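As C-alpha cells, the structure follows; a few thoughts come after it.
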Amino acid sequence: MKFRIGQGADIHRLIEGRKLILGGVEIPWEKGLLGHSDADVVCHALSNALLGAIGEGDIGRHFPDSDQRYKGASSIELLRAVMSVVKARGFRVGNADLTILAERPKLAPYREEMRANLAAALEVDPADINIKATTGEKMGFVGREEGMMAEAVVLLEKT
Ligand code: MG
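For the sequence shown, the positions run 0 to 158 when numbering that gives the first Met the number 0 is used.
Shown next, in the form of C-alpha cells:
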C-alpha cells in the first residue's frame with residue numbers, strides 16, 4: 000500500500016506545580032499537565048496517529064506507564080522513537096495536522112517553535128506540519144481549565 004492514514008487524540012489533567020510542555024516547548028504558565036512522562040499531549044496525539052497509521056496500537060503499548068524508564072520522559076524523544084518504527088516499516092510522513100484544545104494560555108506565540116520541533120522529530124519540512132488551537136469556550140473540561148486535549152491526523156507515504 001502506497002499511503003496510510005492515522006489519527007490520534009490525547010488528554011491530560013492540568014495541575015499546579017508541573018511544567019507546561021506542548022510540542023516540545025516549555026510554555027511559562029501557572030499550571031502544567033499531569034502525567035507519567037512530561038505529559039506533552041501534542042506529542043502523544045501525534046505519536047498515536049503515527050502508530051495508528053502503521054497498525055501498531057498506541058503509545059501506551061510501546062511506552063507503558065508502568066515502566067519506570069519512561070517516568071519524566073521527554074515526549075519529543077518518544078515521538079522520535081515512534082518515528083524510527085515508522086521508518087523501519089518503510090514509510091515517511093507526508094503531512095500532519097494537529098489541533099490543540101486549551102482554554103489558556105494563548106498558544107500562537109509558541110506555534111512556530113512547536114512546529115519546528117515536530118517537523119524535526121518527523122524528519123519533514125515545517126510546511127508539512129500544521130498546528131491549530133482552539134479554546135473550549137469556557138465549557139467542559141477544557142473550558143474549565145481542568146485539562147488540555149490534542150488531536151492529530153497524519154498521512155504516511157511508502158518510501
Ligand atoms: Mg498522554
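Quick reminder that beta carbons are idealized off the backbone N, C-alpha and C, glycines included. Everything numeric in this text was worked out from a predicted model, so none of it was measured.
What is the residue span of the beta strand (DSSP E) that residue i lies within?
i, result
"E15", "F2 to E15"
"L155", "G146 to K157"
"E112", "That residue, E112, is in no beta strand (DSSP E); its alpha helix (DSSP H) goes R110 to L121."
"E25", "V24 to I26"
"G31", "K30 to L32"
"L21", "L19 to L21"
"A132", "I128 to T133"
In the DSSP assignment, what residue or residues form a beta bridge with residue i?
i, result
"G51", "In the DSSP output, where bridge partners are listed per residue, G51 has none listed."
"N94", "L154"
"A38", "DSSP, once it has assigned bridges, lists no residue as partnering A38."
"L45", "DSSP lists no partner for L45."
"L100", "T133 and M148"
Under 8 Å, do residue i and residue j count as touching if we go by C-beta distance?
i, j, result
"I4", "V152", "yes"
"K30", "L19", "yes"
"A120", "L78", "yes"
"G22", "D39", "yes"
"V123", "V84", "no"
"F97", "A44", "It should be noted that the sequence gives Leu, not Phe, for residue 97. Result yes, Cβ atoms of L97 and A44 sit closer than 8 Å."
"H11", "G146", "yes"
"V81", "S46", "yes"
"A132", "P125", "no"
Quick check: does the Cβ of residue i come within less than 7 Å of any heavy atom belonging to the ligand MG?
i, result
"D9", "yes"
"A151", "no"
"A101", "no"
"H43", "yes"
"G34", "yes"
Does the ligand FAD have a heavy atom nearer than 7 Å to the CB of residue i?
i, result
"V40", "Absence of the ligand FAD from the depicted structure is noted, with the ligand MG being the only ligands included."
Could you tell me how far apart the beta carbons of residue i and residue j are, in whole angstroms, since I believe they sit closer than 8 Å?
i, j, result
"E102", "E144", "5 Å"
"A48", "Q6", "5 Å"
"W28", "P104", "5 Å"
Residue i lies in the alpha helix (DSSP H); which residues open and close that run?
i, result
"R60", "I58 to H61"
"K86", "S74 to A87"
"G142", "G139 to G142"
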